[in-house]
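Trainee: Position one of the first sequence corresponds to residue 1 (the working numbering), numbered consecutively onward.
Quick one: structure below, then a few questions.
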Amino acid sequence: MTKQIRLKRRAAFRYVFRKGDKSGAKDLTLLSARSREGLKIGLSVSKRVGNAVARNRVKRLLREAIRPLESVLNKDYMYVIVARPSIAELGFAEVCEQVKLVFTRAGKLTC
RNA sequence: CGAGUCAGCCGGACGGUCGCAUGAAAUAUUGAGGAAAGUCCGAGCAUCACAGGGCAAGGGUGCCGGCCAACUACCGGUGAAGGCAACUUCAAGGACAGUGCAACAGAAAGAUACCGCCCGCAUGGGUAAGGAUGGAAAGGCGAGGUAAGAGCUCACCCACAAUUUGGCGACAAUGCGUGAUGUAAACCCCACCCGAUGCAAGAUCGGGAGCACGAAAAGCUGCCCGCAACGCUCCCUAUAUCGCUUGAGCGCAUCAGAAAUGCUGCGCCUAGAUAGAUGACCGUCGAACACAGAACUCGGCUUACAGACUGACUCGUCAU
RNA sequence: GCGGGUGUAGUUCAAUGGUAGAAUGUCAGCCUUCCAAGCUGAUUGCGUGGGUCCGAUUCCCAUCACCCGCU
1 MTKQIRLKRR AAFRYVFRKG DKSGAKDLTL LSARSREGLK IGLSVSKRVG NAVARNRVKR
61 LLREAIRPLE SVLNKDYMYV IVARPSIAEL GFAEVCEQVK LVFTRAGKLT C
């Protein structure tokens, strides 16, 4: 996940939360909305997930899980992945599985 | 062998592939902690136009000496409390400067007399031994003494304490003498210290508004004094650049010191992100699984913590 | 990151260092053919750990949880 494709602005997050389409899995939710600037991905991990160490770990696992999917995602959308508290107990393989599942359900994989 | 006290130290290591930050770039370099945490203290730094003084209010500290940039921290000592001991803990000045409080109980809570005892016996006077309450009751206990009693006198003890001696000092020893409680983490008194706000400070760049030639406004807790210039003040967007990492820095050694700490020499450069960087997979080691993630930077304090290691000391039991 | 505040009954709030109280809730009884209302009684406690004090919800220190502001 390079800097160019990260979603940064608070306003952009607000837009996605308000307008985006939701699709869920057991431990995370995907929101997607049309983007004018190409592919953008943001992560949202609230304090309910755990302390700073746990939250950082969740964000790293999500980034690592998204990395191989970047080339096959639909480039016209902005995405926000919201983590639920239960995700903190999962390992890397399970996170990967859920991320793939949630993008498939949303129909945003191009191949 | 058992039970315990104190101190120190570590906080996975090595290798491979992919990925992230730094960087002009590279097959290169570096890349979270002992607590980065809590934000409880102390500083640097910055702004409040500049440099100050006095009074008030508010807050903090409070045995002594040392150490430090500074501190309420740290080191050593004194005293008190706890423990058989090693050792641990302590906001530890002042209660004849003043004011207050001491519920209930009890006659009475620093002021006296309910029951009682004695003289007298209508009134009155002298007492505080005994009684009951309470956390605390007029220093304790015994003897002498007396009308009954009383430190009234005496022996022993308790508290305060003149003087002398020792110590830089807190204080310790001595003990002429004295005998009206506790509470200052109640108000307070005394001594010393403290301007406010925090890097979201603030600077540069960009945009806008107001006042204006000698006055007003404003100028960072209140009051008084004092001080100045011509441009000043305010707002907004935004985080683009700076602040942003070489620092009261770290490691080793010598020396001084009882220690905290300091001097000198040599070596080292050791995160700097800005939606916020350390991860994934695999192999080896017996196992690595704790608490936990830098956000301007340091010195402390407090709290959390799997497991591993080292040293010193105390008590008990057994054997020699 | 910086600053500020609050913790008391199941709930909402009081209380000068001296037995923690009110409303409401819950339970039991009375009343009623039954329910509601009413009446009587009971029930449930100071976030946690230390210290000062004869005695602490109150004073002091530490800690935990929650809330608010700046962005």
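Cβ coordinates follow ideal geometry from the N, Cα and C atoms, glycine included.
Rounded to whole angstroms, how far is the Cβ of I87 from the Cβ of V53, which I believe are closer than 8 Å?
Mentor: In fact, because the Cβ distance is near 14 Å, the residues do not count as touching under 8 Å.
Trainee: Taking 9 Å as the threshold (C-beta atoms), are V49 and R105 in contact?
Mentor: no
Trainee: How would you write the range of the alpha helix (DSSP H) that L62 sits in, first residue to last?
Mentor: 52-66
Trainee: When you compare the CB positions of L61 and L90, do they come within less than 9 Å of one another, or not?
Mentor: Closer than 9 Å, so yes.
Trainee: Does DSSP put V95 in a helix, in a strand, or in coil?
Mentor: helix
Trainee: Just to confirm my understanding: we take F13, look at its own chain, exclude 5 residues before and 5 after, and list those with CB closer than 8 Å. What are they?
Mentor: L7, G42, S44, V80
Trainee: K75 to G38, Cα distance in whole Å?
Mentor: C-alpha separation (whole angstroms): 5 Å.
Trainee: If we call anything under 9 Å between Cβ atoms a contact, is L69 one with L109?
Mentor: Yes, they are a contact pair.
Trainee: Mind checking which residues open and close the beta strand (DSSP E) that includes K47?
Mentor: Neither: K47 is in no beta strand (DSSP E) and is coded neither H nor E.
Trainee: Helix, strand or coil for A33? Go by DSSP, reduced to three states.
Mentor: Note: A33 maps to strand in three-state DSSP.
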